[in-house]
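In what follows, a structure is listed as structure tokens, so that the remarks can point back to it.
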């Protein structure tokens, strides 16, 4: 027994001590941080299928997979990164508060920005507004800030894709000015220059020759036989391009009216035309009233001449009649 214990102690003394850090590194080599994109995508597809939705669009870029799915009454967008599902948006046609449909857009990389977009379109409209998500290096996402204020308070970006020279090709639309079709323009956007790196980049209008090209394209549209919806859409586009070119509000109004032509009095189209004119005259802002010409001041009212009035009763002095004796 003593001999066995001695042999055990001898072997333990001959075995080199193991470095704890090496042991931890070895164990950590079996860990795989994050999720497997392919496995997660299969699971997301399975869950969407259980809800009766069919995958209608797919975008894959380094670091993420995005899916768009739809059924007759519902639609959804899912963005999957190494963290799992990081964007989960749903829409239902029967939603009383936000009736809409969702559609997956394009995915692309511009410089350090990896982006994917999706559009939410209200019920009974043909164009919606885009949300552009940035996929961050840590596999999280943040929505980009899209500035469409150059086109007024009712404008939004309806679609966005990668164009030439790093510019973003986009469509600007006015969904609230919808008349069977939605007025829209083809524009170019760009990332605003920032001093510091921001998680949510700012995207705004990029000046360029596209303004003259769009102006020429809309000026060439023949409206003599066009329906009211087309004339309305062309009129809004021509007025908006005049606004970008720095033209006066009165010219913008004339461009819209000339494109619109006569309207049936009392019709829904006439009501929309009046609303659009107020919007243009108010500087394309909601709640702004067009400036009214100053009225000439009325002449001052002269005070009437005083009229002789009898003195008050207490001021009347009754003198006795003179003594005739």
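Residue numbers (my numbering): 122 to 446. We treat Cβ as the ideally placed atom computed from N, Cα and C, and that holds for glycine.
- Note on residue 352: 16 or more other CB atoms within 10 angstroms of its CB, so buried under the neighbour-count rule.
- Along the length of the segment 288-352, whole beta strand (DSSP E) runs at least 3 residues long occupy 289-294, 305-312 and 323-326, reported in chain order.
- Separation of residue 256 and residue 402 (C-alpha to C-alpha, rounded to the nearest whole angstrom) is 40 Å.
- Residue 349 is positioned such that its CB atom lies no closer than 9 Å to that of residue 310.
- The Cβ neighbour count for residue 226, taken over all protein chains shown within 10 Å, is at least 16; the residue is labelled buried.
- For residue 248 against residue 305, the beta-carbon gap comes to about 6 Å, under 8 Å, which counts as contact.
- If you look at residue 211, you'll find it in the beta strand (DSSP E) that goes 205-213.
- In this structure, the CA atom of residue 192 is about 6 Å from the CA atom of residue 173.
- Counting along the chain, no beta strand (DSSP E) covers residue 393; the unbroken alpha helix (DSSP H) around it starts and ends at 389-402.
- Excluding five sequence positions before and after residue 243, the CB atoms of its chain that fall closer than 8 Å to its own CB belong to 220, 221, 249 and 296, given in chain order.
- Distance between residue 235 and residue 392, taken at the CA atoms: about 43 Å.
- Rounded to the nearest angstrom, the gap between the Cα atoms of residue 274 and residue 397 is 12 Å.
- Counting C-beta pairs with one atom in each stretch, the segment 320-328 and the segment 368-383 have fewer than three that are closer than 8 Å, which means they do not touch.
- Residue 160 and residue 294 have their C-alpha atoms roughly 38 Å apart.
- Counting the other CB atoms within 10 Å of its CB gives residue 230 a total below 16, which places it among the exposed residues.
- If you compare the alpha carbons of 364, 384 and 359 with that of residue 376, the shortest gap goes to 359.
- Closest in alpha carbon position to residue 253, among 260, 307 and 240, is 240.
- By the neighbour-count criterion, in which a residue is buried when 16 or more other Cβ atoms sit within 10 angstroms of its Cβ, residue 385 is exposed.
- Residue burial is scored here from C-beta neighbours: residue 169 has at least 16 other C-beta atoms within 10 angstroms and is therefore classed as buried.
- In the three-state DSSP reduction, residue 380 falls in the helix class (H, G or I).
- For residue 237 against residue 200, the beta-carbon gap comes to about 6 Å, under 8 Å, which counts as contact.
- The three-state reading of DSSP puts residue 218 in coil, since its state is none of H, G, I, E or B.
- In the same chain as residue 184, and ignoring 5 residues on each side of it, the C-beta atoms closer than 8 Å to its own belong to 202, 203, 235, 256 and 260, in chain order.
- In the DSSP assignment, residue 182 falls outside any alpha helix (DSSP H) and lies within the beta strand (DSSP E) extending over 175-182.
- Per DSSP, the beta bridge partners of residue 281 are 291.
- Listed as beta-bridge partners of residue 241 by DSSP are 223 and 250.
- With a contact defined as Cβ atoms closer than 8 Å, residue 344 and residue 313 miss out at about 37 Å.
- In the three-state reduction of the DSSP assignment, residue 198 falls in the strand class.
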